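What follows is a single structure, written as structure tokens, with notes after it.
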Amino acid sequence: MRDLLRLRSAGFRFRGSPRAVLESVDLTIREGDRILIRGPSGSGKSTLLLLMAGLAPEYVSGVLSGTVERLYRSMGVVLQNPEAQIITPTVEEEIAFSLENDGMPASAIRARTAEILDRLGISHLAKRHPLSLSGGECQRVSLASALAREPEILFLDEPTAYLDPDSSGAFFEALRILPERTAVVVVEHRIEAAAAFCARAWEVVPGGGLVSSDFRTYPLPEGSRTGSANPSVGIGLEDPADLPGLPSAAVPTATEAAGLGTSASAPTAPPALEVRGLGHSFEGLSPLFRNIDLTVPSGRIAALTGPSGCGKTTMLAGIARILNPGSGSIRIAGRDSASMNPRDFHSALLYIPQNPEHMFVAETVRAELGLSGSAAFESAERYGLDGLLDRNPYRLSEGEKRRLNLCIALAERRPLYLLDEPTYGLDDTARSALVRDLGALAESGAGVLFVSHDEEFVFAVSDTVYRMRDGAVRPEESCHAGALKSA
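Under the numbering used here, the residue at position 300 of the sequence shown is numbered 311, and the numbers go up by one with no gaps.
As structure tokens, this is what we get:
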């Protein structure tokens, strides 16, 4: 097998930053390698991938030290934020575009596009506009575009971040269509699905170095377990009370999971959110969901789960008035949201979107935090952002961007919080902090509704789990409540 990539004493420092993100990295990637790269949020994993893919420093401004020899003739990349690399008006055109750039004849492009859509199970999305897709669907489209070119090496940055567990497994299973000689490099926090695909693992360690390990002896990260799934919510934990890196889940409420008391306001306050008969459909398409009923009591935390593309993000955005909510009624803290003026409405809820960048308005982390007051700076220390105050928010890693979102949002006080994939890009330390912060919000009397594919997080923090499938939502008992009853 020939070498495809060599890094020798390689390092990288973002322009304007006094500290190198990566230092003294030595690695070789050969044909057929299947590699996992992991490490704490902000450690430099994504920067290393950009360096290997030739996107840094060519397109990401910075200073390179050492040598990087890119010996591959073709490569594919799936970025952390899939929306950032989709540029055409339909899914099939997105896949065809990469083939056009390679000079492939039109007839071959049509055949190859149809083939890759079919092999990845997304033929039904061919005519869809990318803006109408879920985050998980966008990731699969980005993968299809990369695979269509049959690259010698494929770089994947958090490719399952927006996927449910079944879709995560299917994602890596789809990679098996690649020729054996194709090398694959995967950056992941959630390694369970990647573990069955990758053969070796590297970890980016503090200081920007890289440690290689035999994957067969490489430990799963804290918070990761495999075993028989609980049939009610599908979390594969061997012991419901054993959740390393997070507070004990075998408790009746999320506030108690966070080490807090029961909210006194929960029994008497009106529900933080009441949804009745909610429905939505995109123009020209069948209804995405209809007749949805959902309640989040004040002082309680509810999770909305379900397969990728089923409508979870659309529903959350509809409640937040980012999208037209469609049919039905929405009441927030006892008030009909349709009758609320914009000032009152935005004083009643706080929405954290799936894409962290959609919340940024300032040029530095310090300025972003300053808009939310001293509580945000206190959160920044807890979430490990205190050393990044002078960085541009858009230059942070995806995990750091999400942590900044949380510091900004959770410093505000609202009756209702809506969070879309809040654990995206977070390592175990940040996830633990988030469990406690959401518990504190519930203790204060607020209601929380969050969308997530992170089943261990859902297990640890939720009082109620709503599962969306086939256009309907049904409530399910939270895992920790069920564990307590069976104890």
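Glycine included, C-beta positions come from ideal geometry on N, C-alpha and C. For clarity, every value in this text was computed on a predicted model and none was experimentally measured.
Pairing LEU189 with VAL71, the inter-Cα distance amounts to about 29 Å. Contact check for SER57 and SER408: beta-carbon distance about 6 Å, within the 8 Å limit, so the pair qualifies. DSSP places ALA483 in the strand class (E or B) of the three-state scheme.
Pairing GLN150 with PRO176 gives a Cβ-Cβ distance that is not under 7 Å.
Its chain contains LYS323, ARG478, MET479, ARG480 as the residues whose beta carbon lies nearer than 6 Å to that of GLY317, once the 5 sequence neighbours on both sides are disregarded; these appear in chain order. A contact between stretches requires three or more CB pairs, one per stretch, nearer than 8 Å, and the stretch 303-316 meets this requirement with the stretch 284-292.
The alpha helix (DSSP H) runs of length 4 or more contained entirely in the stretch 160-214 are, from start to end of the chain, 176-185, 203-206. Around the beta carbon of HIS369, fewer than 16 other beta carbons lie within 10 angstroms, which makes this residue exposed.
Within the stretch 358-432, the complete beta strand (DSSP E) segments of 3 residues or longer fall at 360-363, 427-431, listed in chain order. Here GLY147 carries a helix assignment [DSSP, helix/strand/coil]. Under the DSSP assignment, GLU294 falls outside any beta strand (DSSP E); it carries neither an H nor an E label. Residue range 56-63 is occupied by the alpha helix (DSSP H) that includes THR58. ARG287 carries a strand assignment under DSSP once its states are collapsed to helix, strand and coil. Classified as buried, ASN416 has 16 or more neighbouring CB atoms from the shown chains inside 10 Å of its CB.
Here ARG377 is actually not in contact with LEU360; their C-beta atoms are around 26 Å apart, not less than 8 Å. With contacts defined by Cβ atoms closer than 7 Å, ASP397 and THR434 do not form a contacting pair.
Each of ARG414, SER223, ASN366, SER348 was checked against the Cα of ALA95, and the nearest Cα belongs to ASN366.
Just measuring C-alpha positions, the residue of ARG346, LEU315, ALA328 sitting nearest ASP474 is LEU315. Contact holds between the stretch 412-432 and the stretch 442-458, because three or more Cβ pairs, one in each stretch, are under 8 Å apart. Per DSSP, reduced to three states, the secondary structure at VAL32 is coil, with no helix or strand assignment.
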